[in-house]
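Visitor: Before I ask anything, let me first share the structure, which is written out below as structure tokens.
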Amino acid sequence: MFGFKKKDEQIVKQKIDDFVEDNYDLEFIAKTQPQGGISFHENYIKKGDGYEACLTIYDYPSTVYDNWMRHIVNREGVITVQDISTANREQVQENLKRSLSEQSARIQDNKADAMTKSSSTDKYQTLLGVSHMINDLGEQIKKITVRMFIYKPTLEQLDNEIHRIRVDLEARGIKSQVMNFETKENWQSLVMKYGRQKQVHGVNFKDGQQIPASTLGGGYPFDHTSINDEHGAFIGTTETGGPVYLDLFKVDNVRKSFNSIVFGMMGSGKSTFLKVIEEEQFARNHFIRGFDKAGDFKQVVREQGGKMISLDGSQGMINMLEILPTATYDKEDNPDIEGYDLMINEEACYTQHLSKLQMQMSLMNGDLTDTDLMDCVGYFNDFYIHVGLWTADRSKRKQMVVTGHRPEEYPILSEFRAFIHNLDESKMTSQKRVTKEKILTTLDNMINVYGGVFDGHTTVPNMDEEQIVFYNIEQLEKLSPNVFKCQLFVALSLIWSQALKNGKKYKKMIEDGKIDPRNARRFMVFIDECQNIVNVNNLNTVEFVVNFMKEMRKYLAGVIFATQSPKQLLPENSNNDATTQLKQIFALTQYKFFFQIDRSDIDSVRDVLGETIKESEYEIIPTLGKGEAIVSIQGANNTLFHNDVSEEQLRRFSGGQ
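Going by our numbering, the first residue of the sequence shown is number 712, and it counts up by one from there.
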């Protein structure tokens, strides 16, 4: 007995010496080998520290998309092994001939039912396509075996995980199974090459599934994606686990503007995402303006110390006759300016104010002709001269100060109506008298019906230096469309002037090297449910917004729109001019975010955006879960990510998903 023991020890020692001679790292093997031994059972492997099983893929869908293998490979806690070889070309062609003949016979079989014939027709067309690729395009056929090794501490957990993975793969058209009595052979595939497996396993060796090389290459699973802007804020994680650090104000060879649009059906996570971006802009100390219809931003704005203004007059009024400081000099215009605080250009402010009044009157009464509006502006000019805010003497206009007076020092709309009413008609032509009556009718409506909105001194404080201002349009939208458009134009004009003043100041500071570009205060405008503001019935506003998007790039400002689908902005019966103007909004957005969109709306997205995103991504969009989105950055790769928000953020974001 002791002789046998001594002989066994000598054999073991000889094997160890052989391993050392062959340069095996025995210390590494000792540390990494299964602890507690390993035993192979019918459909699982038992180790000292748990259980393991191998799922083998045995069928693939007939149609696949880019990087389709990532759904197999990129799974937490799973080791995936691929064995690939090249199929014999002659054998493949012979098999194709036989399969084509078989499917052709089934199609022509009069006894076969319609379902069988349809299935056979599909298979015949697929096989014919493969035959064409091989014979005419030089395609190679690869044999592939994919094994997924799954580990869990207990057998029950292992069974549950196998079931979960199989169900998920099945939903993607990928069929898998744990092959009984093949556990050892499968486990050896972890360390054995394809040829060695074939040699060792002999008759038990199984060839893999045959697929075209182009399909296999297109399934490349290691498409790890991430967005890592140098000064970006974390907004989520890509489907491959990469971070998304996004800076909407980044400028490089691809990204040159700061406008965005967000699509997503109700409950897709669109509003939550907008609030994440708003908080990020707030943290950077940027100026923020926005429109809020449903009160979604009310709590966020309140917690950040911002202002929420209702444009229906219920929480304060903006006197439409008050002249606001909307135009400034910069150092090129006036070298005497000290520092970088901008000087008000009073004459330009007055001229812009008259243009604003002309637009407001046209919005309140679409029947006013261009000639009527020119007369109306003339009356406004005469009125301001009458009350002493302006002068007819051009030589004195440089000394006039029309902005910055106390609110009560400006006239109100009813005073202007009285001025118009008292105009001497004896010196007017009949056409001028008609114009006067049309203007008075418009003013009567604004004062008598909507006096709480238009007729009164400004009670809303100056918002130029407020970091956050949102305009609540919920109640305003319930008023007449003309009032809605008019007040919307007022708010947009204020936003434009504030963005311009801020942009001019910081742009000049950057150019003079007085400030690091990343420390300059930017300006972002949020327009949620934008179909209420930019639509075919409000083309004046559309034109205004498009001009803002074009011009404000130079002044460190951007707009972020949000809507459920392009169909809401571009109804099917809209005319060509309206469609052209609205499509400019899509074209001018640098960033396009796609949360879940109903499949019935995908065609409208495709019509507007064309090849901005790939066909495979169009197919994905309707299947996205809550918080999942595809971001398309003009000229760069599209990225699928999940918008990660904390419980604390969700508490702050109450209202709107």
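For glycine and all other residues, C-beta sits at the position ideal for the given N, C-alpha and C. Because the structure is a prediction, the values reported are computed rather than measured.
1. Could you tell me the boundaries of the alpha helix (DSSP H) in which leucine 1151 lies?
2. Answer yes or no: do leucine 1199 and leucine 1187 have a C-beta to C-beta separation smaller than 9 Å?
3. Determine which residues share a DSSP beta bridge with glutamine 1069 and list them.
4. Assuming isoleucine 1029 contacts valine 1256 under a Cβ cut-off of 8 Å, what Cβ separation, rounded to an integer in Å, is found between them?
5. In its own chain, which residues sit with a C-beta less than 8 Å from the C-beta of aspartate 1083, not counting the 5 before and 5 after it?
6. Opposite proline 954 in the DSSP bridges: which residues?
7. Report buried or exposed for phenylalanine 916, applying the criterion of at least 16 other Cβ atoms within 10 angstroms of its Cβ.
8. Taking the beta carbon of threonine 1152 as the centre, do at least 16 other beta carbons fall within 10 Å, making it buried, or is it exposed?
9. Using three-state DSSP, classify proline 1282 as helix, strand or coil.
10. Tell me serine 1343's beta-bridge partners as DSSP assigns them.
11. Would you list the one or two residues that DSSP bridges to glutamine 888?
12. Check whether the Cβ atoms of serine 842 and leucine 811 lie closer than 9 Å to each other.
13. In the DSSP assignment, the alpha helix (DSSP H) including alanine 825 goes from what residue to what residue?
14. When you compare each of Glu896, Ser968, Gln921, Ala924 to glycine 913 by their alpha carbons, which one comes out closest?
15. Would you mind stating whether glutamate 885 and glycine 788 have Cβ atoms separated by less than 9 Å?
16. Does the region 870 to 878 come close enough to the region 850 to 857 to have 3 or more Cβ pairs within less than 8 Å?
17. Taking three-plus beta-carbon pairs below 8 Å as touching, is the region 1237 to 1252 in contact with the region 943 to 959?
18. From this set, Met1235, Lys1196, Glu1185, which residue's C-alpha is nearest isoleucine 1206's C-alpha?
19. With a threshold of 16 other CB atoms inside 10 Å of the CB of proline 772, please say whether the residue is buried or exposed.
20. Based on Cα-Cα distance, which residue from Met1260, Asp1023, Asp1081, Pro1277 lies nearest to tyrosine 1161?
21. Are the region 1157 to 1171 and the region 995 to 1006 in contact at 8 Å, needing three or more beta carbon pairs?
22. Do the region 938 to 956 and the region 875 to 882 make contact, defined as three or more Cβ pairs closer than 8 Å?
23. Taking all protein chains shown into account, decide if arginine 907 is buried (16 or more other Cβ within 10 angstroms of its Cβ) or exposed.
24. Please work out which residues of its chain come closer than 7 Å, Cβ to Cβ, to phenylalanine 1195, disregarding the five sequence neighbours upstream and downstream, and give them in chain order.
25. How far does the alpha helix (DSSP H) with glutamine 814 in it reach, from first residue to last?
26. When the distance is taken between beta carbons, is asparagine 1246 closer than 9 Å to leucine 1293?
27. Cα separation between valine 803 and isoleucine 852?
28. Mind the definition here: the region 1347 to 1356 touches the region 1010 to 1018 only if three or more C-beta pairs lie below 8 Å; say whether that holds.
29. Sorted by chain position, which residues of the same chain lie with C-beta nearer than 8 Å to asparagine 891's C-beta, five sequence neighbours on each side aside?
30. So, helix, strand or coil for aspartate 794, using DSSP?
31. Closer than 8 Å by C-beta to isoleucine 1313: which residues in its own chain qualify, once you throw out the five before and the five after it? Chain order, please.
32. Give, in chain order, every unbroken run of the alpha helix (DSSP H) that is at least 4 residues long and sits entirely within the region 1221 to 1277.
33. Could you tell me which residues DSSP pairs with leucine 1351 in its beta bridges?
34. If you check the beta carbons only, do leucine 1299 and lysine 1261 fall under 9 Å apart?
35. Please classify alanine 1273 as buried or exposed, where buried requires at least 16 other C-beta atoms within 10 Å of its C-beta.
36. Identify which residue in Asp1093, Arg809, Glu1326 has its Cα closest to the Cα of asparagine 1133.
Guide: According to the data block:
1. 1141 to 1155 is the extent of the alpha helix (DSSP H) around leucine 1151.
2. Going by C-beta atoms, leucine 1199 is nearer than 9 Å to leucine 1187.
3. Paired residue(s): none; glutamine 1069 is not in a bridge.
4. The beta carbons of isoleucine 1029 and valine 1256 sit about 20 Å from each other, so the pair does not count as a contact at 8 Å.
5. Answer for aspartate 1083: Thr1146, Lys1149, Ile1150, listed in chain order.
6. The partner list for proline 954 (beta bridge, DSSP) reads Thr948.
7. By the neighbour-count rule (16 or more Cβ atoms within 10 Å), phenylalanine 916 is not buried but exposed.
8. Under this definition threonine 1152 is an exposed residue.
9. Coil at proline 1282, not helix or strand.
10. For serine 1343, the pairing in a beta bridge is given by DSSP as Lys1303.
11. DSSP lists Thr767 as the beta-bridge partner residues of glutamine 888.
12. Going by C-beta atoms, serine 842 is nearer than 9 Å to leucine 811.
13. Where alanine 825 is concerned, the enclosing alpha helix (DSSP H) stretches over 825 to 848.
14. Looking at the Cα atoms, Glu896 is the closest of the given residues.
15. Sequence check: residue 885 is isoleucine here, not glutamate. Contact check for isoleucine 885 against glycine 788 fails: the beta carbons are separated by 9 Å or more.
16. Segments in contact, no.
17. In this structure the region 1237 to 1252 does not lie against the region 943 to 959, because fewer than three pairs of beta carbons, one per stretch, are closer than 8 Å.
18. Taking isoleucine 1206 as reference, the option from Met1235, Lys1196, Glu1185 with the minimal CA-CA separation is Met1235.
19. With fewer than 16 other Cβ atoms from the protein chains shown falling within 10 Å of its own Cβ, proline 772 counts as exposed.
20. Put simply, of Met1260, Asp1023, Asp1081, Pro1277 the residue whose alpha carbon is nearest the alpha carbon of tyrosine 1161 is Asp1023.
21. Counting Cβ pairs under 8 Å, fewer than three are found: no touch.
22. For the pair of segments examined, the region 938 to 956 was found not to touch the region 875 to 882: the number of CB pairs separated by less than 8 Å stays below three.
23. That one is exposed.
24. In the same chain as phenylalanine 1195, and ignoring 5 residues on each side of it, the C-beta atoms closer than 7 Å to its own belong to Leu1187, Glu1188, in chain order.
25. Segment 800 to 819, the alpha helix (DSSP H) holding glutamine 814.
26. Closer than 9 Å, so yes.
27. Using only the alpha carbons, I get a separation of about 8 Å.
28. The way I'd put it, the region 1347 to 1356 doesn't touch the region 1010 to 1018; fewer than three beta-carbon pairs between them come closer than 8 Å.
29. Only Glu753, Asn754 meet the Cβ criterion.
30. Collapsing the DSSP output to three states places aspartate 794 in a strand.
31. If the five residues before and after isoleucine 1313 are omitted, its C-beta is found closer than 8 Å to the C-beta atoms of Tyr1329, Ile1332, Pro1333, all from its own chain and listed in chain order.
32. For the region 1221 to 1277, whole alpha helix (DSSP H) runs of length 4 or above, ordered along the chain, are 1250 to 1262.
33. Ile1341, per the DSSP bridge assignment.
34. Taking 9 Å as the cut-off, the beta carbon of leucine 1299 is found closer than this to the beta carbon of lysine 1261.
35. Alanine 1273 counts as buried, since at least 16 other C-beta atoms from the protein chains shown sit within 10 angstroms of its C-beta.
36. Answer by Cα proximity: Asp1093.
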